[in-house]
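From first to last, the protein sequence lines stand for chains A and B.
The first sequence lines up with residues 1 to 239 when you count with the numbering used here.
The second sequence lines up with residues 240 to 478 when you count with the numbering used here.
Think of the CB as a built atom: it goes at the ideal place given N, C-alpha and C, for glycine as much as any other residue.
Okay, so here's the structure we're looking at.
There are 2 protein chains.
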Amino acid sequence: MKIALHERIRQDFEGRILSGELAPGDRLPIEQDIMADYGCARMTVNKALSALLAAGLIERRKKAGTFVARPKVHSMILDVPDIAAQVRERGQDYGFRALAHAVRQPLAGMEEERLLAGEGALMQVDGLHLANGVPLCVEYRLVSVAAVPDIVEADLHNMAPGTWLLQHVPWTEAETRISAVPAGEGEALHLQLPVGTACLSVERWTWRGAERITYVRQIFPGDAYDMLARFGPSTAAVR
Amino acid sequence: MKIALHERIRQDFEGRILSGELAPGDRLPIEQDIMADYGCARMTVNKALSALLAAGLIERRKKAGTFVARPKVHSMILDVPDIAAQVRERGQDYGFRALAHAVRQPLAGMEEERLLAGEGALMQVDGLHLANGVPLCVEYRLVSVAAVPDIVEADLHNMAPGTWLLQHVPWTEAETRISAVPAGEGEALHLQLPVGTACLSVERWTWRGAERITYVRQIFPGDAYDMLARFGPSTAAVR
DNA sequence: TCGCTTTTAATGTATATACATAAAATGAAG
DNA sequence: CTTCATTTTATGTATATACATTAAAAGCGA
Chain A
1 MKIALHERIR QDFEGRILSG ELAPGDRLPI EQDIMADYGC ARMTVNKALS
51 ALLAAGLIER RKKAGTFVAR PKVHSMILDV PDIAAQVRER GQDYGFRALA
101 HAVRQPLAGM EEERLLAGEG ALMQVDGLHL ANGVPLCVEY RLVSVAAVPD
151 IVEADLHNMA PGTWLLQHVP WTEAETRISA VPAGEGEALH LQLPVGTACL
201 SVERWTWRGA ERITYVRQIF PGDAYDMLAR FGPSTAAVR
Chain B
240 MKIALHERIR QDFEGRILSG ELAPGDRLPI EQDIMADYGC ARMTVNKALS
290 ALLAAGLIER RKKAGTFVAR PKVHSMILDV PDIAAQVRER GQDYGFRALA
340 HAVRQPLAGM EEERLLAGEG ALMQVDGLHL ANGVPLCVEY RLVSVAAVPD
390 IVEADLHNMA PGTWLLQHVP WTEAETRISA VPAGEGEALH LQLPVGTACL
440 SVERWTWRGA ERITYVRQIF PGDAYDMLAR FGPSTAAVR
């Protein structure tokens, strides 16, 4: 008996819901009954059900009771680890080669760049992620110098700016766009692919609160990289 | 004062962490001190901190204390709504046109198909998702008849099998793989694209408990469809 | 200084209790 | 039969308390 009682209760109901024994719309026993079943206090039951509520598995209405939720939008959790960490996890040797590295003003007319820069300048870092010396991904990145002044001092020739940022400007929020694009001349050259090869494009805007931190565009050969995601009602428990 | 005290405490610390005031690795006050600050019981503080723990914002170690978590893997929530719902949300007219529709045995040698079928047969449904009559996506789907017997009776000529499944087989878990592929001859024909055009491929295996439900492969023109995802530490609150 | 044991300070779990809140169910008045 | 007030019931929040668990820190002997 290493697992806590409230956790066991939670798992029991999660299992019954996932297995379909308890279908959406079905009513769960009231806290008093569950508490009698397990021979515990109501607070313990409440803790278990609160976790299921937070995970979106159930809905609760006062007086009416507790019901299995009807899944509407299946949101899934996409793990987006640092590329360096990901490569090393596969047992490969990771490397980063900078292609361009400059501090500049936002280009006139580029509203996105101006918003990112704020009152300050932009740092542009383009580079290649390498796995065992083989190019895995081309990356184009812009960082707001106003938001992250330390970036100009950082040595980014061998370290990906994303890795550096992750360690220095954590807990940001982000928006990611994934699409498929044909390899342009630059990508074709760096990734050693024919022009027009289907590639995966991952664009990400990152900010902290209202302040914009960075924009990055990564191009992967389509067959060399998959985004893998798992989802389910137990998303909260994944971590 | 409509919001609960434990919720207010949770939000306060979430805000301090997001703003950077509390950086990763920083130590939070011990429960006793927080409890004194807010003039409440320890259980109330504990509930607030438990929520932050579940959200991955903090780490807690006995005797040592509570610390702001160092974000390693940024997990982000990818909303994967039903394509039909998504199209209608954009104010467009949704349609589905079946291209193939058959019940068959798993192909010999295809281990994946045999696993999906289990003891029974497979239902294969290929079709086109249309937005305002324009092909948006080609879909190849296999459904386990053993797991979802009702599927053979369903009228899937105008309704996407995914939509039908979502309504009849809820609370499933899934794994999704996103990659970029060149359009094959079939996709080129149906999506009215040149062969080789960069397309987004979304593959998904779905199961309930140990039972496999369905496998689907969707091919989108790369420039016509983006997967959009937002993430941040407050993922748990998104629901 | 090293390695071992003991102490101690923090979180983790659970209980019993109390009152608040919201909404379904009931019942009374018209 | 309808409408509105009342009661009832299930969840929501909060408290005070107790003991378990764990790992850091302190103490101590060789």
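DSSP, reduced to helix, strand and coil, places Q218(A) within a strand of the structure shown. Look at I297(B): its C-beta is not under 8 Å from any C-beta on chain A.
In this structure I3(A) is exposed. Its beta-carbon is surrounded by fewer than 16 other beta-carbon atoms within 10 angstroms. Per DSSP, the continuous beta strand (DSSP E) segment holding I178(A) begins and ends at 173-182.
In the structure shown, L128(A) falls within a strand segment according to DSSP collapsed to helix, strand and coil.
Against G357(B), chain A offers no close residue; the least beta-carbon distance is about 15 Å (beta-carbon pairs closer than 7 Å). Take the alpha-carbon of T453(B) and the one of A275(B): they are about 54 Å apart.
Annotation for A23(A): V68 place their beta carbon closer than 7 Å to its own, counting only its chain and skipping 5 residues before and after. Per DSSP, the continuous beta strand (DSSP E) segment holding S201(A) begins and ends at 198-208. With its beta carbon at least 8 Å from every one in chain B, S144(A) lies outside the interface. Annotation: Cβ neighbours of P71(A) in chain B (cutoff 9 Å, chain order): L405, P409, W410, T411. Between Y379(B) and E414(B), the alpha-carbon positions lie close to 16 Å from each other. Residue environment for E412(B): buried (at least 16 other C-beta atoms within 10 angstroms of its C-beta).
Under the Cβ criterion of 8 Å, C376(B) is not counted among the residues facing chain A. For M35(A), DSSP records no beta bridge to any residue.
Along the length of the region 318-405 of chain B, whole beta strand (DSSP E) runs at least 3 residues long occupy 333-343, 361-370, 373-383, reported in chain order. Taking the Cα of R327(B) as reference, the smallest distance to any Cα among I458(B), R443(B), G372(B) is reached at G372(B). Under DSSP, F67(A) shares a beta bridge with R27(A), E59(A).
Of all residues in the region 199-219 of chain A, the ones placed with a Cβ closer than 7 Å to any Cβ belonging to chain B are C199, L200, R208, G209, in chain order. Cβ contact annotation for M159(A) (same chain, cutoff 7 Å, sequence separation greater than five): F96, in chain order.
Distances from the alpha-carbon of P106(A) to those of L52(A), C137(A), L142(A) put L142(A) closest. Assigned with DSSP and collapsed to three states, E450(B) falls in strand. For the region 6-27 of chain A, the residues whose beta carbon sits under 7 Å from a beta carbon of chain B are, in order, I17, L18, S19, G20, P24. G222(A) belongs to the set of residues whose beta carbon lies under 8 Å from a beta carbon in chain B.
In the structure shown, D251(B) adopts helical secondary structure according to DSSP, grouped into three states.
Within chain A, the residues placing a beta-carbon under 7 Å from that of P421(B) are A198, ordered along the chain. Nearest to R451(B) by alpha-carbon distance, out of K63(A), T66(A), I9(A), L18(A), is L18(A).
Counted as a single uninterrupted DSSP element, the alpha helix (DSSP H) harbouring A293(B) occupies residues 281-293.
Counting only residues of its own chain and dropping the five nearest sequence neighbours on each side, G461(B) has a CB closer than 8 Å to the CB of A419, T436, A437, C438, L439. Per the coordinates, the alpha-carbon of I34(A) lies some 35 Å from the alpha-carbon of L267(B).
Pairwise C-beta distances place the region 35-54 of chain A in contact with the region 4-15 of chain A, as three or more of them are shorter than 8 Å. Burial of R204(A) is indicated by the presence of at least 16 other C-beta atoms within 10 angstroms of its C-beta. Only exposed fits D332(B), as fewer than 16 other CB atoms lie within 10 angstroms of its CB. If you check the CB distance, P374(B) and L291(B) do not come in under 8 Å.
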